[in-house]
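Comments concern the structure below.
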Amino acid sequence: QSALTQPASVSGSLGQSITISCTGTSSDVGFYDYVSWFQQHPGEAPRLIIYDVNKRPSGVSSRFSGSKSGITASLTISGLQAEDEADYYCISYTRSSPFDLLGTGTKVSVL
Amino acid sequence: EVQLVQSGAEVKKPGESLKISCKGSGYEFIYYWIGWLRQMPGKGLEWMGVIYPGDSQATYMPSFEGQVTISVDRSTGTAYLQWRSLKASDTAIYYCARRPGSFGLDYWGQGTLVTVSS
């Protein structure tokens, strides 16, 4: 099962905006509006921050936003803060497997 | 409040067996799939398998088929991940997570660190 492609690392300064990409194919990201994003701080479990491409669960900061264009989904973090330093994973529905496709993960560093 | 609470860290020797748990609360346990994922040291997340508590139907990723067993106890609202014979390469953090329908994961357990070393 192929993984969704994410950049290994993205960095930004405090207060900046950054965008993390998640690239799939026309059979998964490009076909369904079922993309989620997770944030994982070191030593902690992943936490859902975006679902259905651009919806935020209750309690998640509005600085996190999601979008999709073609076969690429994106997570944007606005007004970057120190606590945003973490690993981020995307996940997409695919009808070719009972298991959703997971992204390779992106390490966000705050300079 | 939805919670998934996993059992504590384990240290085992190669060849030993192990069963770790994931107890759900705050929702109707039998109606939501539970997934198990592995995270090896410094690596990303990998699917191992999923189980539907309503009928105990489990589906495994090919790379884990025959290596682990996923089960549930509906009476206690608990899912399990089991090994018959551990290997050093099973050293990892194992997470359970709830699937809110046919796609995705919403609530996660805190993770169980399994260390296999002679």
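Those sequence lines, one after another, are chains A and B. Going by the numbering used here, the first residue of the first sequence is number 1, and it counts up by one from there. Going by the numbering used here, the first residue of the second sequence is number 1001, and it counts up by one from there. All C-beta atoms in this analysis are idealised placements derived from N, C-alpha and C, irrespective of residue type, glycine included.
* G12(A), enclosing beta strand (DSSP E) - first and last residue -> Position 12 of the first sequence, counted from the first residue, corresponds to residue 12(A). That run of the beta strand (DSSP E) goes 9–12.
* Enumerate in chain order the residues of its own chain whose CB-to-CB distance from S78(A) is below 6 Å, with the five nearest sequence positions on each side excluded. => Translated into the one-based positions of the first sequence, residue 78(A) becomes position 78. If we look at S78(A) and ignore the five residues flanking it on each side, its Cβ neighbours are S17, R63.
* Measure from the C-beta of T104(A) to each C-beta in chain B and report whether the shortest distance is under 8 Å. => Taking the first sequence and counting its residues from 1, the one referred to as residue 104(A) is at position 104. Taking Cβ atoms only, chain B reaches closer than 8 Å to T104(A), which makes this a yes.
* Closest residue to S67(A) among V29(A), L111(A), S96(A), Q81(A) (Cα-Cα distance) -> Stepping through the first sequence from its first residue, residue 67(A) is reached at position 67. Selected option, being the one with the closest Cα: V29(A).
* Asked: When the cut-off is 8 Å and only beta carbons count, does G1121(B) lie next to chain A?
  -> For residue 1121(B) there is no data in the structure shown, the boundaries of chain B being 1001 and 1118.
* **Classification of S74(A) by the beta-carbon crowding that lies within 10 angstroms, buried from 16 upward** => Counted from its first residue, the first sequence places residue 74(A) at position 74. Buried, by the Cβ-count rule.
* To do: May I have a chain-ordered list of the beta strand (DSSP E) segments no shorter than 3 residues that lie completely inside the stretch 1042–1089 of chain B?
  => Unbroken beta strand (DSSP E) runs of no fewer than 3 residues, entirely contained in the stretch 1042–1089 of chain B, are found at 1045–1052, 1057–1060, 1069–1073, 1078–1083, following chain order.
* List the endpoints of the continuous beta strand (DSSP E) containing Q6(A). => For the purposes of this step, residue 6(A) is taken as the residue at position 6 of the first sequence. Boundaries cannot be given for Q6(A), as no beta strand (DSSP E) includes it and DSSP labels it neither H nor E.
* Asked: Who are the near neighbours of C1022(B) in its chain, counting only those whose CB is closer than 6 Å to its CB and skipping five residues on each side?
  -> Position 22 of the second sequence, counting from 1, holds the residue named residue 1022(B). A distance below 6 Å between beta-carbons, with the five flanking residues on each side excluded, links C1022(B) to the following residues of its chain, in chain order: L1004, Q1006, A1079, C1096, G1109.
* Beta bridge counterpart(s) of S74(A) as assigned by DSSP -> Numbered from 1 along the first sequence, position 74 holds the residue referred to as residue 74(A). According to DSSP, S74(A) bridges with S21(A), S67(A).
* To do: Pick helix, strand or coil for E83(A), following the three-state DSSP scheme.
  => Counting from 1 along the first sequence, the entry for residue 83(A) is found at position 83. In the structure shown, E83(A) sits in a helix (DSSP, three-state: H, G or I).
* Asked: Can we say the stretch 1084–1094 of chain B touches the stretch 1007–1018 of chain B, given the rule of at least three CB pairs closer than 8 Å?
  -> Judged by pairs of C-beta atoms under 8 Å, the stretch 1084–1094 of chain B touches the stretch 1007–1018 of chain B, as three or more such pairs exist.
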